[in-house]
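Our numbering applies: residue 188 is where the sequence shown begins, and numbers increase by one.
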Amino acid sequence: MALFLFVCFTAVTAYAGGKEEAEKHFRAGVSLQKVEDFEAAIAAFESSIRFYPTQSALFNLANCLRATHRYDEALKTLEQLDRDYGDELDVAMRSAVDRQLEELRNLSASLVVQVEQSGAEIWIDGNLVGRSPLADVLHMSPGGHDIEVRLDGFEPAKVRVELVSREKATEQISLKVPAPPPPPPKVEPPPKVEPPPEPMPTTPKDETGSLTTAGWITTGAGAVLLAGGAVTGIWALSLDSNLKNDCVDGHCPADRSSDIDRLGTLTTTTNVLLGVGVTVTTAGIVMLLVDKPHSQESPVPMAVGFSLGPELVGATVRQRF
Numbered sequence: 188m189a190l191f192l193f194v195c196f197t198a199v200t201a202y203a204g205g206k207e208e209a210e211k212h213f214r215a216g217v218s219l220q221k222v223e224d225f226e227a228a229i230a231a232f233e234s235s236i237r238f239y240p241t242q243s244a245l246f247n248l249a250n251c252l253r254a255t256h257r258y259d260e261a262l263k264t265l266e267q268l269d270r271d272y273g274d275e276l277d278v279a280m281r282s283a284v285d286r287q288l289e290e291l292r293n294l295s296a297s298l299v300v301q302v303e304q305s306g307a308e309i310w311i312d313g314n315l316v317g318r319s320p321l322a323d324v325l326h327m328s329p330g331g332h333d334i335e336v337r338l339d340g341f342e343p344a345k346v347r348v349e350l351v352s353r354e355k356a357t358e359q360i361s362l363k364v365p366a367p368p369p370p371p372p373k374v375e376p377p378p379k380v381e382p383p384p385e386p387m388p389t390t391p392k393d394e395t396g397s398l399t400t401a402g403w404i405t406t407g408a409g410a411v412l413l414a415g416g417a418v419t420g421i422w423a424l425s426l427d428s429n430l431k432n433d434c435v436d437g438h439c440p441a442d443r444s445s446d447i448d449r450l451g452t453l454t455t456t457t458n459v460l461l462g463v464g465v466t467v468t469t470a471g472i473v474m475l476l477v478d479k480p481h482s483q484e485s486p487v488p489m490a491v492g493f494s495l496g497p498e499l500v501g502a503t504v505r506q507r508f
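Here you go:
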């Protein structure tokens with residue numbers, strides 16, 4: 188009995204405290220409504236209803252929602268008022284509620300959402316309104332609204348609807364099963380590598396061609412040296428002829444001493460060039476003759492001739508190609 192009395196006393200105390208808080212928020216809401224701060228008034232009336240719902244709090248909340256053009260919420264609030272307190276409303280309140288219900292139903296639009304799958308969550312503008320099948324007609328504010336339907340095992344469906352006042356729209360939605368993931372890429376086996384072919388046996392390279400090439404190079408170098416000796420010899424003979432004309436009885440003018448020295452240098456250079464050129468050319472011809480039996484083609488005979496006279500020193504190489 189003592190425990191029962193304690194529980195009853197606590198309930199009465201909480202009930203009385205809830206009424207006091209509800210009345211406090213209600214009075215704040217009325218004050219805010221008078222200065223047309225409707226958003227703040229809506230928050231105050233909603234707090235009052237949470238502590239202790241009353242006819243006046245619901246009616247004033249519906250009027251503030253209507254003033255902020257939230258017709259769908261205002262309609263739901265009046266329908267709650269009619270459902271919970273319809274038999275208790277006095278004549279004036281009853282008349283005002285009926286008039287506003289008709290007006291809000293004309294201002295708002297009706298929406299029916301039909302989902303093929305059962306148990307799917309229906310979200311409108313980010314708020315959960317229920318699960319399919321949704322039997323109730325939704326009263327919405329005119330304008331655009333986003334509908335999203337979610338159900339485990341199906342892809343979410345998103346639909347955008349445009350609602351018009353005093354019109355009823357029906358949106359039918361069928362969820363799709365998600366497509367299976369694509370198969371993993373096929374891994375191709377690495378290409379088979381064939382072993383390299385066995386190398387073909389090679390025959391010893393014929394080296395006779397290199398001797399022939401060396402013979403031609405040596406012969407050419409000798410020819411160049413002979414040509415240089417010929418040039419210096421011609422120059423020496425010309426200078427010697429001039430000195431013979433200027434020197435009488437072996438006596439030469441002092442100013443021709445440099446020409447005498449030059450003549451000696453040219454003579455020495457000519458002898459060296461001709462000597463080395465003959466040696467190199469002879470070595471090249473010997474190489475060609477030695478390589479002759481191993482060549483595919485018979486070498487063309489080469490003739491080298493030299494001429495040296497009082498007025499000319501010359502060397503001639505004749506070869507038919």
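Glycine is no exception: its CB is placed at the ideal position from the N, C-alpha and C atoms.
- Query: Would you report the Cα separation of A215 and P343, rounded to the nearest angstrom?
  - Reply: Answer to the nearest angstrom: the Cα atoms are 43 Å apart.
- Query: Is T419 closer than 8 Å to L460 when the C-beta atoms are compared?
  - Reply: yes
- Message: In the DSSP output, which residue or residues are listed as bridge partners for Q301?
- Response: Q359
- Straight-line CA distance for V278 to D285? Distance between the alpha carbons of V278 and D285: 11 Å.
- Task: Could I get the ranges of all uninterrupted alpha helix (DSSP H) runs contained in the stretch 240–300, with 4 residues as the minimum, in chain order?
- Result: List check, alpha helix (DSSP H) in window: 242–254, 258–272 and 278–294.
- Message: So if DSSP puts G331 in a beta bridge, which residue, or which two residues, is it bridged to?
- Response: E349
- Does DSSP put G317 in a helix, a strand or coil? strand
- Message: Taking only three categories from DSSP, how would you classify A417?
- Response: helix
- Message: Is the separation between the beta-carbon of G471 and that of G402 shorter than 8 Å?
- Response: yes
- Message: On the CB-based measure, 16 or more other CB atoms within 10 Å of its CB, does E354 come out buried or exposed?
- Response: Residue environment analysis places E354 among the exposed positions, since fewer than 16 neighbouring C-beta atoms fall within 10 angstroms of its C-beta.
- Message: Within 10 Å of its beta-carbon, does S328 have 16 or more other beta-carbons around it, so buried, or fewer, so exposed?
- Response: buried
- Message: Using C-beta distances below 7 Å, list every residue in its chain close to L225, excluding the 5 sequence neighbours before and after it, in chain order.
- Response: It is Phe, not Leu, that sits at residue 225 in the sequence shown. Within the same chain, F225 has close Cβ partners C251, A254 and T255.
- Task: On the DSSP bridge assignment, give the partners of W310 in chain order.
- Result: L315 and E335
- Query: Looking at C-alpha atoms only, which residue of F246, R257 and K221 is the closest neighbour of R270?
  - Reply: F246
- Query: If you drop the 5 nearest sequence neighbours on each side, which residues of the same chain put their C-beta closer than 8 Å to that of Q220?
  - Reply: A228, N247, N250 and C251
- Identify which residue in R257, L265 and E260 has its Cα closest to the Cα of T241. Ranking R257, L265 and E260 by CA distance to the CA of T241 puts L265 first.
- Query: According to DSSP, is E342 helix, strand or coil?
  - Reply: strand
- Kindly identify the DSSP beta-bridge partner or partners of L325. L298
- Message: By alpha-carbon positions, which one of R257, S218 and Y258 ends up nearest to A244?
- Response: When C-alpha distances from A244 are compared across R257, S218 and Y258, the shortest belongs to S218.
- Message: Just to confirm my understanding: we take Q294, look at its own chain, exclude 5 residues before and 5 after, and list those with CB closer than 6 Å. What are they?
- Response: Gln is not the amino acid found at residue 294; the sequence shown has Leu there. So the list reads Y258 and S352, once near-sequence residues are dropped.
- Would you check if the distance between the CB atom of E308 and the CB atom of S361 is smaller than 8 Å? no
- Query: Which residue comes first and which comes last in the alpha helix (DSSP H) that contains E226?
  - Reply: F225 to F238
- Task: Please go through the same chain and pick out, in chain order, the residues whose beta-carbon is closer than 6 Å to the beta-carbon of E260, but skip the five residues on each side of it.
- Result: L252
- Burial state of V346, where buried means 16 or more other Cβ atoms lie within 10 Å: With fewer than 16 other Cβ atoms from the protein chains shown falling within 10 Å of its own Cβ, V346 counts as exposed.
- Item | Cα-Cα separation between G451 and A408, rounded to whole angstroms | 25 Å
- Query: Where E210 and G330 are concerned, what is the direct C-alpha to C-alpha distance, given to the nearest angstrom?
  - Reply: 36 Å
- Query: Quick one, which of L424, T469 and I236 has its alpha-carbon nearest L453's?
  - Reply: L424
- Message: Here's a check: name, in chain order, each residue in its chain whose Cβ is nearer than 6 Å to the Cβ of W310, leaving out the five neighbours to either side.
- Response: A distance below 6 Å between beta-carbons, with the five flanking residues on each side excluded, links W310 to the following residues of its chain, in chain order: E335.
- Message: For V364, which residues in the same chain have their Cβ closer than 8 Å to its Cβ, ignoring the five residues on either side in sequence?
- Response: G340, F341 and E342
- Message: Here's the rule I'm using: 16 or more other beta-carbon atoms within 10 Å means buried, otherwise exposed. How should A296 be labelled?
- Response: buried
- Selection from V477, L413 and G273 that minimises the alpha carbon distance to T466: With distances taken between Cα atoms, T466 lies closest to L413.
- Message: On the criterion of 16 or more Cβ atoms from any shown chain inside 10 Å, does V477 qualify as buried, or is it exposed?
- Response: exposed
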